[in-house]
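First the structure, in the form of structure tokens, and then the observations on it.
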Amino acid sequence: MSNNYTAAVTVLTKFRSLLAAHPRAVWGSSAVVALFIVMRFVEARKSKQARRGRYIADLGQVGSTVPGKEREYDVIIVGGGTSGCVLAARLSEDPSIRVLLLEAGGSGRALMESRVPSAFGQLFWTKHVYGFRTEPQVNAKGQQRWFPRAKLLGGCSSINAQMAQYGAPGDFDEWAALTGDSSWAWANFSRYFKKLEKYIPDAKYPDVDTSVRGSSGPVRVGYFNTVSEHSKAFLRACGQVGIPLVADFNGPKGPIGASRVSLTYIDHRGERVSSETAYLTQDVLARPNLKVAIHALVTRVIFEQVNGATRAVGVEFAKSADGPRYRARARKEVVLSGGAIHSPHILMLSGVGPVAQLKAFDIPVVLDAPGVGANLVDHPVVDLYLKDKKNASARILKPNSIPVALELIREVIKYQVWGTGKLATNFGESAAFVRSDDPVLFPPVDFPQKLEDSTSGPASPDLELFCTPLAYKEHGKIMFDMHTYALHCYLVRPTSRGAVLLTSADPWALPSVDPNYLQKPDDLEKLMRGFRLLLKIAHAEALDAYVDHANTHPDLDHAAHLKTDDEVRELVRERVETVYHPASTCRMAPQAEGGVVDSRLRVYGIDGLRVCDASIFPWIISGHTAGGCYAIAEKLAEEMKAELRASK
1 MSNNYTAAVT
11 VLTKFRSLLA
21 AHPRAVWGSS
31 AVVALFIVMR
41 FVEARKSKQA
51 RRGRYIADLG
61 QVGSTVPGKE
71 REYDVIIVGG
81 GTSGCVLAAR
91 LSEDPSIRVL
101 LLEAGGSGRA
111 LMESRVPSAF
121 GQLFWTKHVY
131 GFRTEPQVNA
141 KGQQRWFPRA
151 KLLGGCSSIN
161 AQMAQYGAPG
171 DFDEWAALTG
181 DSSWAWANFS
191 RYFKKLEKYI
201 PDAKYPDVDT
211 SVRGSSGPVR
221 VGYFNTVSEH
231 SKAFLRACGQ
241 VGIPLVADFN
251 GPKGPIGASR
261 VSLTYIDHRG
271 ERVSSETAYL
281 TQDVLARPNL
291 KVAIHALVTR
301 VIFEQVNGAT
311 RAVGVEFAKS
321 ADGPRYRARA
331 RKEVVLSGGA
341 IHSPHILMLS
351 GVGPVAQLKA
361 FDIPVVLDAP
371 GVGANLVDHP
381 VVDLYLKDKK
391 NASARILKPN
401 SIPVALELIR
411 EVIKYQVWGT
421 GKLATNFGES
431 AAFVRSDDPV
441 LFPPVDFPQK
451 LEDSTSGPAS
461 PDLELFCTPL
471 AYKEHGKIMF
481 DMHTYALHCY
491 LVRPTSRGAV
501 LLTSADPWAL
511 PSVDPNYLQK
521 PDDLEKLMRG
531 FRLLLKIAHA
541 EALDAYVDHA
551 NTHPDLDHAA
561 HLKTDDEVRE
571 LVRERVETVY
581 HPASTCRMAP
591 QAEGGVVDSR
601 LRVYGIDGLR
611 VCDASIFPWI
621 ISGHTAGGCY
631 AIAEKLAEEM
641 KAELRASK
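For the sequence shown, UniProt numbering gives the first residue as 1, with consecutive numbering after it.
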């Protein structure tokens, strides 16, 4: 039986509450009875599949609580996120390299909410996500915004919107110029994107240059997501306002233009591709030199003085705050891959960070590293809500009536059989990348203010616009009680900077997260321009046909085009929030410029310790960060294997 049947489990549980309230109306359908039988079968099957995994839950199998009896590995990877799974799989390709991967959460393989493309938002409010709230945003009405970060294998590649867009080539040329290391330049670094990809061409999209796409990597990318009528109309509307269409956002000319999201992390079965499913295959997990432990939270890195230098020699980890603390030793390297929030947090808990932070919580100082946790940058997003008069939205994902629930069941069947339909949407179905200084889109007579160019070059954008077939608030927790769709704008090259700070020396206490949205006035101005462009697109002929202008619900934006610029700025301050791309808290940069790691991702001042995740980005890329996290891990794994072989 197809693994797609796991999708039935959670979507049909939504039907249970309706079933309890309206049993006679619902049970009149024999199809419903059949699907509930399938659901019971699938729930048992899902549990069986999860038990077949080769992950280690008994931490005593990979570590020891007895000093001097620690198990030893060549490399210990802290965090099984987007980058961590890549590193574990690639390093363990060499049977002489013993690898331990420690992940604080569990597996996402059996989670329907992860596997089904449209269901990822349901994970944001579960145990599989760290439920951060930002510090009060001073420039955004003091709001404390929801800031979800993944707590499961695959990291945010297991809970994101599956949009495979890598940024502009100029972004990586910037990295090379800053570090003085040409291996980061697009001409050289782009091969790692090809290495990770297994691009599946589609005859409907013949203009994609397959010579720049990978064909044999572990990560399947292609055109397997559903594209709604709203998203198709959005692309036509983009053309009507002057945004050119492009074949591939990841082409050598850069992403500027509008397109169906040309690559998604969705396979031919209509299922998500995460770094866990792509890299930690059963064959990889069967390697005797690789151990993957789950529910293992690393509490600190262990350091020793070796030949007069401070060296990372292992880690301490535990399953719970009151459980035993285990240790494992690393003969060669410890690599932190906890992400832009957790990697600096672990460093600070270990005594590596701003000295004032460490002393405030009585953490012994190993190294004063002011850049740790600093320079936090995130892509801020603002949404535009519209009523869909054609009732073609993906409202079925939150059924609130018997007819909608029955439609959901029909969509479940379509998804199980063909891997298509509304359940196969990744929400970010079509998008456009633009520059806020484009004179066609933002005529100087209407937008006379000169803004700082924060892009990496003239072919690089600073704004992304996209369309979703459903409007939502609070990251999917709140839905409209009607058919809606939404347009979104986010700033892909913000200049505002925040920080990750300690709140306690307790590893189970979450750090504080302050993205400092709209700290720089130009960020506000660019988002105001982006919102104006969304309104222009919404009222272009192609998309205007979908707007139910007669609906005056107060949460809808049908009259937003009548707002003054100051009123739009106020709306931006009210709505701005994360689009899940924090970066740069352990920057790859010269130490004198606040860098934490060098161009080979080695932590300055500490031997045997590296960081590999979005925290090392010198500047945030003008695209979606998952692709960059895959690629930097591919690059580091290649370099580390060469170094480890040479040292034997």
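A virtual CB, placed ideally from N, CA and C, is assigned to each residue, including glycine.
In the DSSP assignment, F234 falls within the alpha helix (DSSP H) that extends over E229 to V241. Annotated three-state conformation of T82 is helix, per DSSP.
Contact annotation: S350 and G154 have beta-carbon atoms that are not nearer than 8 Å. Within 10 angstroms of the beta-carbon of P469 lie 16 or more other beta-carbons, which makes it buried.
Using a Cβ-Cβ distance cut-off of 8 Å, the region 257-269 and the region 218-227 are in contact, since at least three pairs of beta carbons, one from each stretch, lie closer than that value. About 12 Å separates the Cβ atoms of I159 and V116, ruling out a contact at the 8 Å cut-off. Per the coordinates, the alpha-carbon of E525 lies some 15 Å from the alpha-carbon of H379. One alpha carbon belongs to Y580, the other to Q144, and they sit about 15 Å apart. When rounded, the separation of the alpha-carbon atoms in P399 and A405 is 5 Å. Counting only runs of at least 4 residues, the region 395-464 fully encloses the following alpha helix (DSSP H) elements, listed from N- to C-terminal order: 402-418. Between the C-alpha atoms of A330 and A88 there is a straight-line separation of about 14 Å.
Under the three-state reduction of DSSP, F617 is assigned to coil, being neither helix nor strand. For H342, the secondary structure class from DSSP, reduced to helix, strand or coil, is helix. Note on geometry: alpha-carbon atoms of A637 and P255 lie some 27 Å from one another.
Secondary-structure assignment with DSSP links D514 through a beta bridge to A499. As computed with DSSP, P380 is found in a beta bridge with T578. A residue is called buried once 16 or more other Cβ atoms fall within 10 Å of its Cβ, and G323, having fewer, is exposed.
Shown here for I606: same chain residues with a beta carbon closer than 8 Å to its own, the five before and five after excluded, namely F303, T310, R311, A312, V352, V366 and L367 in chain order.
For R573, the three-state secondary structure derived from DSSP is helix. M479 is bridged by DSSP to Y472. Looking at the DSSP output, C467 bridges to S430 and L487. When the beta-carbon positions are compared, W146 and R133 come within less than 8 Å of each other. The C-alpha of I77 lies about 6 Å from the C-alpha of L102.
Under the three-state reduction of DSSP, W184 is assigned to helix. Bridge partners of A330 according to DSSP: Y73.
Taking C-alpha positions only, A150 is separated from C629 by approximately 14 Å. Under the 10 Å beta carbon count, N426 is surrounded by 16 or more other beta carbons and is classified as buried. By the beta-carbon neighbour count (other beta carbons within 10 angstroms, threshold 16), W619 is buried. Here H488 has V381, D383 and F466 as same chain residues with Cβ atoms under 6 Å from its own Cβ, once five neighbours each way along the sequence are excluded. Look at the beta carbons and you see the region 537-545 touching the region 235-242: at least three pairs across the two are nearer than 8 Å.
Taking a contact to require three or more Cβ pairs closer than 8 Å, the region 103-122 and the region 289-306 qualify as touching. Only exposed fits H268, as fewer than 16 other CB atoms lie within 10 angstroms of its CB.
Taking a 10 Å sphere around the C-beta of L562, we find fewer than 16 other C-beta atoms and assign the residue as exposed. Beta-carbon to beta-carbon, K387 and L501 are separated by about 42 Å, too far to satisfy the 8 Å threshold. Here S107 is not bridged, per DSSP, to any residue.
Exclusion of the five residues before and after H342 leaves G79 as the residues of its chain whose Cβ lies within less than 7 Å of its Cβ.
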